[in-house]
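Numbering (UniProt numbering), first residue to last: 1 to 1102.
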């Protein structure tokens, strides 16, 4: 079945096997280096089949409850007693264990032989069960047994429902694969659909909806759904109702009629024949065969101007004589679609300067009042679904609208001050493909101008389609060649979705058709502005504030008298494009040598000689005479590292075993950052995208930057990305190329919008990220940074008419320097002047010499003005209260507000009960956390309420190992206790964070209720017992599967200043083996305690 796999990327080391097992479409991905197994099941059933709003989503939740788990629980035999390897088990014991195999009798623990015999009888009976709708209402299930089993093997599971499909996926250590298959298959053989589970899971679904109800993105998506007549699909208690018997009937009907076509994808290290046998043993499901539709162009059906070609190239007919058949207004009725598709009027190059006839019109206009203030214009254009048409048919269209060079739509809109920023993407379902433009704007009143520009640029696209298609194919081809097997969980899920809709798996190089008759006829526009006074729509679950305005505006007019003709713009496009390519070519030729390792002769010998002389001069100038660094071999990852030191700075070259031609660069400048860095880096990356957009995309060069508390990180990857380093080195020169104050003002407004997004982020994200504000002296809060940027924008607006180098620049730089604490200097802020050290990591290089020179230049420019980073509790957040005092204070406040309020402390405890529990813990002498002092407290505003509790564990590898063990032991049980059993919140998790080399364990719960007591109670009552941590160590020792992963791994080691780079992973594993229960308890008892709370914005505040 090789023809069903397609063109596999050349760097992929996996083998792909496709076959069918009783109509179940199976794809097995064999990765011989994998120590974990990844599984995904895609079902051809989505929300479009809902007979009640949210029914498919509810069914997704119900299938995670296995009837086998219910029956085992009724007999008092949990899965833990059948499968859990205890601490003395070896890895071989785990690998050889089966679902019904007990732990070794020598251990003195586990279940008895009688228990196993009973359990075997139960499982045998379950395997012979017939009716999936059998009523088991009398036996309430223990919901999270599958998750408990996965936790034994360091795994986790998840699922999601879209309009067209439902996808279930999980991962775990390979040792548990056989048992997991049997449990997972029972989801689909014997779903647990009964009134008890429906009642429980409908509450979980409702909590998921409540979590997103006041998220503006979800609300805007709901308006888009309303615009196409789609019903509410998430589900809530209101949409489900209280008649669980009727709801059960709907769920059973949906399952029996629609869960008939499925795709299973598995990725593991085993042999194909062995895996096929295991799958056949467990997944013998009664299904319908998956039938694939013949793909065709619904737009061009019957048109002579479009021709189907092979995968390699697409030929185009562009003779002027053929254009008469496409006169404006002429229509062609396709037999394949139910409605007429108008054919666009195409203009030849001779007619480009003439006024064109537009056919894009706004058919639906919505005004939406957001929860949090932000002005946006969203334009959605519906196209025939790509799922039923030729592969990659809209690639060139998306490429054209998403580019950011001087000739692009985004650049033009920014230059004309119509938008601050914007994105372009597609959303594809079986019903349609939506081309979505999302713009952040200064005013929504310009929506008609924006729509006209979209239409005008579409006409330009039609006349430059062949050239655009050529460049989009280059971009796709390069990305295909550089693809590596990185995140296999995501890859497995992606494969499951693809196979459900496409006969061929890898379709990256399939260019079967180029549509010349594509039209954009109708669009939906959503205007987002908090100035709108819209009534609340109570008949929709989201209770949106929006107004629909009927309109049918034609946009075929010229809105600006001084606007250039299309011919000028196209010429401009070509000219700018050539100029950009020439600029980049010169840059690369000036700084990148030909790869001599591959035997290619360098044609620029004289230039190399001159660079060598310059290189020798720099050696003397920077005082680095010996460039030979220390060499380290990491046998586990099969890499060689060459480390060159200059003071506290490091230049690291990595030689790995990958055959990829991609180069990955990490450049980290260490110093205390401020909001000014955010602005400058946004300017830098934006300007580089404008100048070098084509060369970046055609070489698959990606530039991302991250700003943390103690430095800035540039991540650069792609073919020949060295010239990007040169531009970063010329930081101030690139910023000086900003064409006008308008560009800089746009950047400021863009930063302001991003800060607003952070301020109004989900509560759990804000509380978990705010630990840096508590522990880093001088680190500004988001609210403070927001005020600084607002003031800078106001000053720029006042001085808008001054010269570019006049008062406005001085005022801006003065305000920036003053607010950022740089001493009030007028000069533009340059990060190299502040940096105390630099870390430059290069992986996949072809020549060391050019990177040596860049490293020396950066080291020579560093002045180390910025203060050194110190970790400690800031004075304003310090606390001297103990846990009892804080909890009792919160309890009194809640008790006073309980009357008439929907928010009580929790479902199961009244304030009086909590006082009694607190009194019980106060009398104990060996409390783990209740007798602790809270060393720091912080309260912030966010989109919703949340609590995060942090424990400062300590520095070094052992502290890191303790954090990993505690998360491994507590995360799943924490989720089960607070979310599943007590229903206290939707987002419930335990994790750890690191600031420099300081490690923090934390617990976060996003909930409308005050759950601080419940978090402390869980930690206090948790029974800490050591288990076999082989799965945790396997995760640490997992081999890196791509050059990017290897580079990131070493960056994290150098960033945290860990010693023994080559043995780091072994050192962590050895620490895990040496940790005792006393070490874990001591870490919680002695660790500094910090509580960060997020309170929901009130409507007046937002």
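Beta carbons are placed, not taken as given, at the ideal position from N, Cα and C, and that holds for glycine.
Residues near residue i by beta carbon distance below 6 Å, same chain, minus five either side
| i | result |
| --- | --- |
| residue 8 | 506 |
| residue 986 | 207, 208 and 211 |
| residue 958 | 1071 |
| residue 151 | 972 |
| residue 840 | 651, 667 and 855 |
| residue 861 | 832 |
Proximity to residue i [Cα-Cα], best of the options
| i | options | result |
| --- | --- | --- |
| residue 359 | 387, 248 and 453 | 453 |
| residue 1025 | 276, 674 and 968 | 968 |
| residue 702 | 709, 708, 683 and 725 | 725 |
| residue 1045 | 301, 30, 776 and 485 | 485 |
| residue 651 | 402, 218, 635 and 641 | 641 |
| residue 509 | 921, 479 and 934 | 479 |
| residue 56 | 255, 23 and 695 | 255 |
| residue 1005 | 711, 949, 1097 and 274 | 949 |
| residue 270 | 964, 362 and 177 | 177 |
| residue 1093 | 789, 14, 718 and 765 | 765 |
| residue 1038 | 709, 34, 20 and 29 | 34 |
| residue 757 | 217, 695 and 549 | 217 |
| residue 1051 | 629, 515, 670 and 276 | 670 |
| residue 154 | 1054, 1029 and 1068 | 1029 |
| residue 635 | 1064, 257, 432 and 448 | 1064 |
| residue 543 | 1042, 1012 and 223 | 223 |
| residue 449 | 416, 469 and 475 | 416 |
| residue 394 | 476, 440, 491 and 722 | 476 |
| residue 930 | 939, 1021 and 848 | 1021 |
| residue 444 | 455, 1086 and 375 | 375 |
| residue 146 | 522, 65 and 733 | 65 |
Bridge partner(s) assigned by DSSP for residue i
| i | result |
| --- | --- |
| residue 639 | 634 |
| residue 522 | 361 |
| residue 438 | 378 and 423 |
| residue 1088 | 952 |
| residue 668 | 713 and 839 |
| residue 995 | 998 |
Counted within 10 angstroms of its Cβ, other Cβ atoms place residue i as buried (16 or more) or exposed
| i | result |
| --- | --- |
| residue 488 | buried |
| residue 513 | buried |
| residue 117 | Because the pLDDT at residue 117 is just 42, under 50, the model does not fix this residue reliably, and the value given afterwards should be weighed accordingly. It is exposed - the Cβ of residue 117 has fewer than 16 other Cβ atoms within 10 Å. |
| residue 22 | exposed |
| residue 1112 | The first residue shown for the chain is 1 and the last is 1102, placing residue 1112 beyond what the model contains. |
| residue 293 | exposed |
| residue 241 | exposed |
| residue 982 | buried |
| residue 852 | buried |
| residue 282 | buried |
| residue 631 | exposed |
| residue 926 | exposed |
| residue 1083 | buried |
Supposed close pair residue i, residue j - CB separation, criterion 8 Å
| i | j | result |
| --- | --- | --- |
| residue 534 | residue 369 | 5 Å |
| residue 386 | residue 428 | 5 Å |
| residue 48 | residue 163 | 5 Å |
| residue 378 | residue 528 | 7 Å |
| residue 433 | residue 383 | 5 Å |
| residue 1000 | residue 990 | At roughly 12 Å, the Cβ-Cβ gap does not stay under 8 Å, so residue 1000 and residue 990 are not in contact. |
Beta-carbon contacts of residue i that lie in its chain and below 7 Å, excluding the five residues immediately before and after
| i | result |
| --- | --- |
| residue 402 | 424 |
| residue 879 | 934, 935, 936 and 937 |
| residue 1098 | none |
| residue 245 | 195 |
| residue 686 | 747 |
Contacting residues, own chain, Cβ-Cβ under 8 Å from residue i (five flanking each side not counted)
| i | result |
| --- | --- |
| residue 777 | 870, 872 and 874 |
| residue 1057 | 996 and 997 |
| residue 458 | 360 and 520 |
| residue 956 | 997 |
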